[in-house]
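Chemist:
Residue numbers (the numbering used here), protein chains in the order written: chain A, 1 to 517; chain B, 1 to 112; chain C, 1 to 94; chain D, 1 to 162.
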């Protein structure tokens with residue numbers, strides 16, 4: 001049974017949340033309790049399956065699964081791949097674990113957060129579909145499937161952003177998000193079409209193996225990088241992020257962070273695996289680094305004057321994306337240079353990837369804490385809030401943990417990953433490192449302002465009746481907080497067992513191609 | 001030799017994207033996204049065409065070379081996805097029209 | 001009007017870029033590589049027993065895509081119902 | 001803002017349109033079913049067929065008007081869509097003994113398991129393994145989803161300002 005599950009796990013992690021979502025219209029007849037239980041159960045099953053798969057993959061055993069072939073490992077019946085192939089290497093497993101864990105916690109949080117509003121079965125359906133889209137995006141080894149998963153992700157998250165549709169602003173944010181993401185997805189499709197026209201292949205590994213790097217390939221590279229950078233909220237296209245994260249319900253915002261990171265994963269996958277050293281790595285790497293620097297700095301400067309607590313956090317999310325782009329971009333820039341890669345390139349990439357998982361956790365925690373504030377007080381205007389620490393001490397503690405972590409204070413996990421980025425980037429170019437540190441300080445200043453205005457100060461009369469948040473909400477936040485502490489105290493273990501294999505897998509282009517061909 | 005179909009496809013895609021970027025009316029933005037999606041579908045189909053080919057269906061097929069089947073399958077998929085995206089975006093436009101009383105994107109409240 | 005200028009400039013650049021790419025594609029009507037599609041045409045009938053090769057690509061060789069595409073439509077339907085179909089006064093904070 | 005709603009439209013269009021719509025409904029249904037059932041033999045399949053059947057709903061909405069449209073059950077349509085997708089996924093899952101999405105019925109000799117010779121042939125109905133059942137499942141899902149989208153949008157836009 002275990003071996004059977006493990007063998008089919010790459011397909012099942014995508015299929016499970018999908019089927020659970022399809023069954024939702026039937027379950028909704030049984031009432032809201034059944035819907036919630038079913039969604040949580042499905043996500044728990046997905047999570048355990050992903051952990052099972054991830055443990056196997058991380059121990060150096062990548063999985064390849066040809067959908068519909070006579071045996072799962074029969075990828076090339078005629079010398080080339082003809083079916084959709086799911087390829088889970090350590091990097092994919094790493095991202096899949098993040099997605100599954102956060103989706104489970106978000107679902108748990110939602111159990112109470114979206115209690116009073118209608119349309120619950122649709123909410124959980126879309127949550128499950130979004131999980132499936134994310135899992136597929138990080139696991140698939142096929143360029144066209146990537147487009148389809150990207151669209152599934154954007155349609156379902158677009159709908160979830162507009163959950164409070166009567167507010168007007170949220171449908172506006174959702175509209176903006178849909179336009180940006182559908183144009184991005186169309187660019188991916190165009191790139192897939194260009195590759196298909198040249199090589200008659202859609203599989204990432206097969207295209208990578210045949211790559212000639214002519215003019216058309218460069219066009220496709222530019223289209224793919226632009227599309228995924230747009231989707232992950234890098235700077236010239238960051239305007240949708242603040243609206244979408246700000247207007248979505250809080251758990252959905254926490255989940256959208258992971259969705260952006262799935263796009264980030266696709267960006268890395270395209271740069272490292274599809275193109276690899278063949279790409280003009282110096283130029284591409286610098287492009288990512290510059291994009292990262294701009295994203296980091298503009299994000300934080302736009303965050304400081306915000307008055308809306310969730311909008312402020314969204315701009316910080318933009319800013320943190322810059323760190324990941326910076327770390328991985330430095331590695332991409334020195335990919336052709338073995339000495340530099342060994343001495344600081346790999347550390348930079350590990351820092352970037354470590355920051356991905358840390359960001360998912362602390363940003364999730366912060367958004368969930370903001371959600372708790374909104375849930376109890378009904379406002380998100382920082383000028384109206386104040387003195388909440390008297391009434392919601394637990395929320396205050398969780399918020400503080402998230403805020404310290406995002407600002408990179410020891411002993412929280414943000415410190416560990418940022419330290420790795422600072423160290424390695426300093427050896428690449430000291431100026432970049434200084435700007436990154438400055439951004440961190442600005443982040444700390446901004447969050448201290450938020451903490452001060454929302455939690456400290458005298459107890460305001462209008463919030464006298466405010467209570468601590470309900471249990472499902474603080475349990476999910478507590479799990480995140482515990483993991484933030486653990487990752488901050490034992491960063492070396494995390495790097496060794498999670499981030500290290502992932503970064504090795506991303507660098508091992510030959511291994512990825514060899515898995516299929 | 002100039003390949004007119006590909007040029008037409010690029011013109012179509014750019015028309016759509018220009019409409020999405022430059023127009024103020026949100027219905028026109030939706031139309032723009034749809035048009036560029038159609039352009040890309042046409043590109044896929046055009047890539048799979050073989051001179052004088054017939055559809056890749058064996059039922060009573062004439063004896064001739066067949067065109068490539070994959071682009072047609074991809075196009076089928078992408079048409080349905082485009083339909084779904086359009087439906088989603090139009091429903092947001094309906095909501096905004098109800099809320100703001102206009103389809104003009106300048107009247108929106110959110111900035112940035 | 002500075003924004004308009006930047007947008008127009010970007011669009012013109014994109015247009016030139018894509019047009020240059022279009023001119024480099026294989027000539028229309030004679031694709032250069034056809035290994036994957038020839039496999040489908042040659043073996044599709046034997047492997048999937050379907051006369052319609054497009055159907056066998058859609059539902060067999062690339063079946064996952066089709067499942068996903070159907071679920072995109074399902075997501076859109078659920079989303080439209082969720083945002084437009086709700087009745088009652090359950091709108092509140094957040 | 002105030003949008004003027006035409007009260008006369010609540011009961012749909014004139015009797016001529018209604019009769020024409022009911023007459024058209026039969027050939028549309030047959031065409032849709034034909035396209036779905038022959039998806040593995042002729043151009044078409046679940047998606048185009050489902051879309052054809054969904055036009056039936058649109059026709060009904062236009063002809064019969066708002067009051068009749070309100071009687072349609074959204075939950076039931078959504079349920080039908082879910083059933084279609086679960087069926088589709090089920091046919092993917094039954095191959096899991098080999099691989100997910102393995103075409104287990106093709107060439108098996110059982111239902112839809114007839115072998116076909118290579119090359120041009122007149123087309124046999126009982127071929128193609130899981131493809132025809134999948135076409136039916138997708139047809140159901142697409143028809144349901146598109147009907148649901150059309151219905152909800154119609155009701156929302158026809159709704160009076162409250």
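Even for Gly, the Cβ is constructed at its ideal location relative to N, Cα and C.
If you're wondering where the values come from, they're calculated on a predicted model, not measured in any experiment.
From the DSSP output, which residues share a beta bridge with residue 86 (chain A)?
Modeler: For the purposes of this step, residue 86 (chain A) is identified with residue 86 of the first chain, where counting begins at 1. Bridge partners of residue 86 (chain A): A:65 and A:140.
Chemist: I'd like to confirm the pairing. Which residues does DSSP put opposite residue 59 (chain B) in its beta bridges?
Modeler: Translated into positions along the second chain, residue 59 (chain B) becomes position 59. The partner list for residue 59 (chain B) (beta bridge, DSSP) reads D:121.
Chemist: Leaving aside the five residues before and after residue 88 (chain C) along the sequence, list all residues of the same chain whose C-beta is less than 7 angstroms from its C-beta, in chain order.
Modeler: Residue mapping note: residue 88 (chain C) aligns to position 88 of the third chain, counting from 1. Reliability of the predicted coordinates at residue 88 (chain C) is poor, the pLDDT of 44 falling under 50, and no value is obtained from them.
Chemist: Please report whether the beta-carbon of residue 63 (chain C) lies at a distance below 7 angstroms from any beta-carbon of chain B.
Modeler: For the purposes of this step, residue 63 (chain C) is identified with residue 63 of the third chain, where counting begins at 1. For residue 63 (chain C), the answer is no, since every Cβ of chain B falls outside 7 angstroms of its Cβ.
Chemist: For the pair the region 5-12 of chain B and the region 15-23 of chain C, tell me if three or more CB-CB distances fall below 8 angstroms.
Modeler: Counting Cβ pairs under 8 angstroms, three or more are found: they touch.
Chemist: Between the alpha carbons of residue 441 (chain A) and residue 448 (chain A), how many angstroms are there, rounded?
Modeler: Counted from its first residue, the first chain places residue 441 (chain A) at position 441. Counted from its first residue, the first chain places residue 448 (chain A) at position 448. Looking at the two C-alpha atoms, the distance is approximately 11 angstroms.
Chemist: Going along the chain, which residues of its own chain have a beta-carbon closer than 7 angstroms to the beta-carbon of residue 52 (chain D), five neighbours each way excluded?
Modeler: In the fourth chain, the residue the question calls residue 52 (chain D) occupies position 52. So the list reads 28, 31, 32 and 35, once near-sequence residues are dropped.
Chemist: For residue 58 (chain B), go through chain A and note every residue whose CB falls closer than 9 angstroms to its CB, in chain order.
Modeler: Residue mapping note: residue 58 (chain B) aligns to position 58 of the second chain, counting from 1. Chain A residues near residue 58 (chain B): none, gap ~18 angstroms exceeds 9 angstroms.
Chemist: Among C:10, C:30 and C:21, which residue has its Cα nearest to the Cα of residue 200 (chain A)?
Modeler: Taking the first chain and counting its residues from 1, one reaches residue 200 (chain A) at position 200. Comparing Cα-Cα distances from residue 200 (chain A) to each of C:10, C:30 and C:21, the minimum goes to C:30.
Chemist: Quick one: Cα of residue 168 (chain A) to Cα of residue 26 (chain B), how far?
Modeler: Working through the first chain from its first residue, we reach residue 168 (chain A) at position 168. Working through the second chain from its first residue, we reach residue 26 (chain B) at position 26. Rounded to the nearest angstrom, the two C-alpha atoms are 14 angstroms apart.
Chemist: What does DSSP give as the partner residue(s) for residue 54 (chain B) in the beta ladder?
Modeler: Locating residue 54 (chain B) in the second chain gives position 54, where the first residue counts as 1. Paired residues: B:66.
Chemist: What does the Cβ neighbour count give for residue 38 (chain D), buried or exposed, with the cut at 16 atoms within 10 Å?
Modeler: Counted from its first residue, the fourth chain places residue 38 (chain D) at position 38. Buried, since its Cβ has 16 or more Cβ neighbours within 10 Å.
Chemist: Which bits of chain C does residue 49 (chain B) rub up against, with CB to CB less than 7 angstroms?
Modeler: Mapped onto the second chain, residue 49 (chain B) falls at position 49. Within 7 angstroms Cβ-Cβ: 28 and 29.
Chemist: Please work out which residues of its chain come closer than 8 angstroms, Cβ to Cβ, to residue 4 (chain D), disregarding the five sequence neighbours upstream and downstream, and give them in chain order.
Modeler: Residue numbering aside, residue 4 (chain D) sits at position 4 when the fourth chain is read from its first letter. Because the pLDDT at residue 4 (chain D) is just 49, under 50, the model does not fix this residue reliably, and the value given afterwards should be weighed accordingly. Excluding positions up to five away in sequence, the list is empty.
Chemist: Following the continuous alpha helix (DSSP H) through residue 39 (chain C), name the residue where it begins and the one where it ends.
Modeler: If you number the third chain from 1, residue 39 (chain C) lands on position 39. First-last of the alpha helix (DSSP H) with residue 39 (chain C): 35-48.
Chemist: Buried or exposed for residue 2 (chain C), please, with buried defined as at least 16 other CB atoms from any protein chain shown within 10 angstroms of its CB.
Modeler: As a working note, residue 2 (chain C) is residue 2 in the third chain. By the neighbour-count rule (16 or more Cβ atoms within 10 Å), residue 2 (chain C) is not buried but exposed.
Chemist: Would you say residue 14 (chain A) faces chain B, with C-beta separation under 7 angstroms as the test?
Modeler: Taking the first residue of the first chain as position 1, residue 14 (chain A) is located at position 14. Cβ-Cβ to chain B under 7 angstroms: no for residue 14 (chain A).
Chemist: Please identify the residue among A:212, A:345 and A:353 whose C-alpha is closest to the C-alpha of residue 320 (chain A).
Modeler: For the purposes of this step, residue 320 (chain A) is taken as residue 320 along the first chain, with counting starting at 1. The shortest Cα separation from residue 320 (chain A) among A:212, A:345 and A:353 belongs to A:353.
Chemist: What distance in whole Å lies between the Cβ atoms of residue 100 (chain D) and residue 8 (chain A), which are believed to be in contact at a cut-off of 8 angstroms?
Modeler: Taking the first chain and counting its residues from 1, one reaches residue 8 (chain A) at position 8. Taking the fourth chain and counting its residues from 1, one reaches residue 100 (chain D) at position 100. Indeed they touch by this definition, with Cβ atoms about 6 angstroms apart.
Chemist: Tell me which residues share the same chain as residue 102 (chain B) and place their Cβ nearer than 6 angstroms to its Cβ, disregarding the 5 neighbours each side in the sequence.
Modeler: Within the second chain, the letter at position 102 stands for residue 102 (chain B). Correct list: empty, nothing qualifies.
Chemist: Compute the distance between the beta-carbons of residue 82 (chain D) and residue 26 (chain A), then report whether it is under 7 angstroms.
Modeler: Here residue 82 (chain D) refers to the residue found at position 82 of the fourth chain. Here residue 26 (chain A) refers to the residue found at position 26 of the first chain. Yes. Within cutoff.
Chemist: Going by C-alpha to C-alpha distance, which of C:83, C:79, C:80 and C:64 sits closest to residue 88 (chain D)?
Modeler: As a working note, residue 88 (chain D) is residue 88 in the fourth chain. Measuring from the Cα of residue 88 (chain D), the nearest candidate turns out to be C:64.
Chemist: Within 10 angstroms of the Cβ of residue 458 (chain A), are there 16 or more other Cβ atoms? Answer buried if so, exposed if not.
Modeler: Looking up residue 458 (chain A) in the first chain gives position 458. By the neighbour-count rule (16 or more Cβ atoms within 10 Å), residue 458 (chain A) is not buried but exposed.
Chemist: So residue 20 (chain A) and residue 3 (chain A) are in contact, right, with Cβ under 8 angstroms, and what is the actual spacing, rounded?
Modeler: Here residue 20 (chain A) is taken as the residue at index 20 of the first chain, counted from 1. Here residue 3 (chain A) is taken as the residue at index 3 of the first chain, counted from 1. Actually they are not in contact, since the Cβ atoms of residue 20 (chain A) and residue 3 (chain A) sit about 24 angstroms apart, beyond 8 angstroms.
Chemist: So, is residue 17 (chain A) buried or exposed, given that buried needs 16 or more other C-beta atoms within 10 angstroms?
Modeler: Position 17 of the first chain, counted from the start, is the residue given in the question as residue 17 (chain A). It counts as buried.
Chemist: Does residue 22 (chain D) pass the burial test, meaning 16 or more other C-beta atoms within 10 Å, or should it be called exposed?
Modeler: Translated into positions along the fourth chain, residue 22 (chain D) becomes position 22. It counts as exposed.
Chemist: Check whether chain B comes within 7 angstroms of residue 16 (chain C), counting only Cβ atoms and requiring the distance to be less than that.
Modeler: Residue numbering aside, residue 16 (chain C) sits at position 16 when the third chain is read from its first letter. Residue 16 (chain C) does not count as touching chain B.
Chemist: In this structure, how does DSSP classify residue 56 (chain A) when only helix, strand and coil are distinguished?
Modeler: Your numbering for residue 56 (chain A) matches position 56 in the first chain. Reduced to three states, the DSSP call for residue 56 (chain A) is helix.
Chemist: For a contact meaning CB atoms closer than 7 angstroms, what does residue 31 (chain B) contact in chain A?
Modeler: Position 31 of the second chain, counting from 1, holds the residue named residue 31 (chain B). Within chain A, no residue comes near residue 31 (chain B); the closest Cβ sits about 12 angstroms away, beyond 7 angstroms.
Chemist: Identify the contact partners of residue 57 (chain D) in chain B, using a Cβ-Cβ distance below 8 angstroms as the criterion.
Modeler: The sequence position of residue 57 (chain D) within the fourth chain is 57, counting from 1. In chain order: nothing, as chain B lies at least about 14 angstroms away.
Chemist: Give me the chain C residues within the contact set of residue 22 (chain B), using Cβ-Cβ distance strictly less than 7 angstroms, ordered along the chain.
Modeler: Sequence index remark: in the second chain, residue 22 (chain B) carries index 22 (1-based). Within 7 angstroms Cβ-Cβ: 7.
Chemist: Chain C beta carbons: is any one of them nearer than 7 angstroms to that of residue 162 (chain D)?
Modeler: Here the question's residue 162 (chain D) lines up with position 162 in the fourth chain. Low confidence applies to residue 162 (chain D): its pLDDT is 43, below 50, so where it sits in the model is not reliable, and the reading given next is rough at best. Chain C, which has no Cβ nearer than 7 angstroms to the Cβ of residue 162 (chain D), makes this no.
Chemist: Does the distance from the C-beta atom of residue 138 (chain A) to that of residue 323 (chain A) stay below 7 angstroms?
Modeler: Counting from one through the first chain, the residue named residue 138 (chain A) turns up at place 138. Counting from one through the first chain, the residue named residue 323 (chain A) turns up at place 323. No.
Chemist: Whose C-beta lies closer than 7 angstroms to the C-beta of residue 502 (chain A) among residues of the same chain, with five residues either side of it excluded?
Modeler: Locating residue 502 (chain A) in the first chain gives position 502, where the first residue counts as 1. Same-chain partners within the cutoff: 90, 91, 94 and 353.
Chemist: When we look at the beta-carbon of residue 111 (chain B) and count the other beta-carbons within 10 Å, is it buried (16 or more) or exposed?
Modeler: Along the second chain, one-based indexing puts residue 111 (chain B) at 111. Any reading at residue 111 (chain B) must be qualified, since the residue scores a pLDDT of 48, below 50, and its modelled position is unreliable; no value is offered.
Chemist: Mapping the DSSP letters down to three states, classify residue 86 (chain B) as helix, strand or coil.
Modeler: Position 86 of the second chain holds residue 86 (chain B). Of the three classes helix, strand and coil, the one that applies to residue 86 (chain B) here is helix, per DSSP.
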